[in-house]
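Peer 1:
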Amino acid sequence: MKKLFYVVLFAVIGFSIYAQEVTIDMRYNVLRSEPERDYFKWSIGNKHIDDAYDVLTGASKTHSTREFDAVRFDTSINRRYTLPRGIRHLMLFPVASRQYTDNFYLTVQEEGQKLIIRFIVYGTVYHIQTDDNKNINIENACFMAENITVNNTLVSVLRPQYVRPGADAKNMNAIDWNKITLIPDTAVTNASRKYSGTLTAGYNNGILIIKGVLTPR
Numbered sequence: 023m024k025k026l027f028y029v030v031l032f033a034v035i036g037f038s039i040y041a042q043e044v045t046i047d048m049r050y051n052v053l054r055s056e057p058e059r060d061y062f063k064w065s066i067g068n069k070h071i072d073d074a075y076d077v078l079t080g081a082s083k084t085h086s087t088r089e090f091d092a093v094r095f096d097t098s099i100n101r102r103y104t105l106p107r108g109i110r111h112l113m114l115f116p117v118a119s120r121q122y123t124d125n126f127y128l129t130v131q132e133e134g135q136k137l138i139i140r141f142i143v144y145g146t147v148y149h150i151q152t153d154d155n156k157n158i159n160i161e162n163a164c165f166m167a168e169n170i171t172v173n174n175t176l177v178s179v180l181r182p183q184y185v186r187p188g189a190d191a192k193n194m195n196a197i198d199w200n201k202i203t204l205i206p207d208t209a210v211t212n213a214s215r216k217y218s219g220t221l222t223a224g225y226n227n228g229i230l231i232i233k234g235v236l237t238p239r
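The opening position of the sequence shown corresponds to residue 23 in the working numbering, with each subsequent residue numbered one higher.
1. For L105, does the count of other Cβ atoms within 10 angstroms reach 16, so buried, or fall short, so exposed?
2. Between which two residues does the beta strand (DSSP E) harbouring Q131 extend?
3. Spatial neighbours of M194 within its chain, please: C-beta separation below 6 Å, excluding the five flanking residues on both sides.
4. Given that a residue counts as buried once 16 or more other Cβ atoms are within 10 Å of its Cβ, and exposed if not, what is R101?
5. Which residues in the same chain have their Cβ closer than 6 Å to the Cβ of R140, if we skip the five residues on either side of it in sequence?
6. On a CA-only basis, which of R110, A213, A167 is nearest T203? Give me that one, please.
7. What span of residues does the beta strand (DSSP E) with M194 cover, start to end?
8. Return the bridge partner residues of T146 from the DSSP annotation.
9. With distance defined between alpha-carbon atoms, name the residue in K136, I160, A163 nearest to D154.
10. How long is the line joining the alpha carbons of P57 and N157, rounded to whole angstroms?
11. Roughly how far, in whole angstroms, is the beta-carbon of A163 from the beta-carbon of T152, given that I think they are within contact range, below 8 Å?
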């Protein structure tokens, strides 16, 4: 009985630690490599991370790739997504090698007052769309489409049905977006913790900046 009490107490304490606001501030040059200026700053509770790509080690300086799991998963055991997968992937662009991220074909397009952010990670398309005020509501602004490539350990190749006529399927920019059927990219329904909130995006001269606060619900 006492053992069960401590297990439950640990679970409650663990949840209270992580069920706190998350702040996000990222900068990424979409058009060219700029590791000395790109960054990903974020916090959860009393944990504050100021991260960037380390050209000497070829990894993120403060390991956001791993540390951000405290945000994206509800618990370390269940590992259910608390927010859209595309948001997490996008935040890691500034802390990864350019050689690595260029393969993900990140593009930012302006459509009227809106921004359309798209990229491809391991065969999944991610589509994030702002409103006219450049806001990203993470509960309804993120979309995805899975299994659009054939993957092996060396290269990803677009499936034939998604390739523009005459284009090279080995290049991710050969994708025909009109042939992609998107579905909502959201937190997992049965996650014990989920985030809501709005991120504000800015895009100027190839520089993508995203900031905001996410609140657990």
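A virtual CB, placed ideally from N, CA and C, is assigned to each residue, including glycine.
Peer 2: In brief:
1. buried
2. 129-133
3. Y127, I142
4. exposed
5. T129, H149
6. A167
7. No beta strand (DSSP E) contains M194, which DSSP labels as neither H nor E.
8. V143
9. K136
10. 26 Å
11. 7 Å
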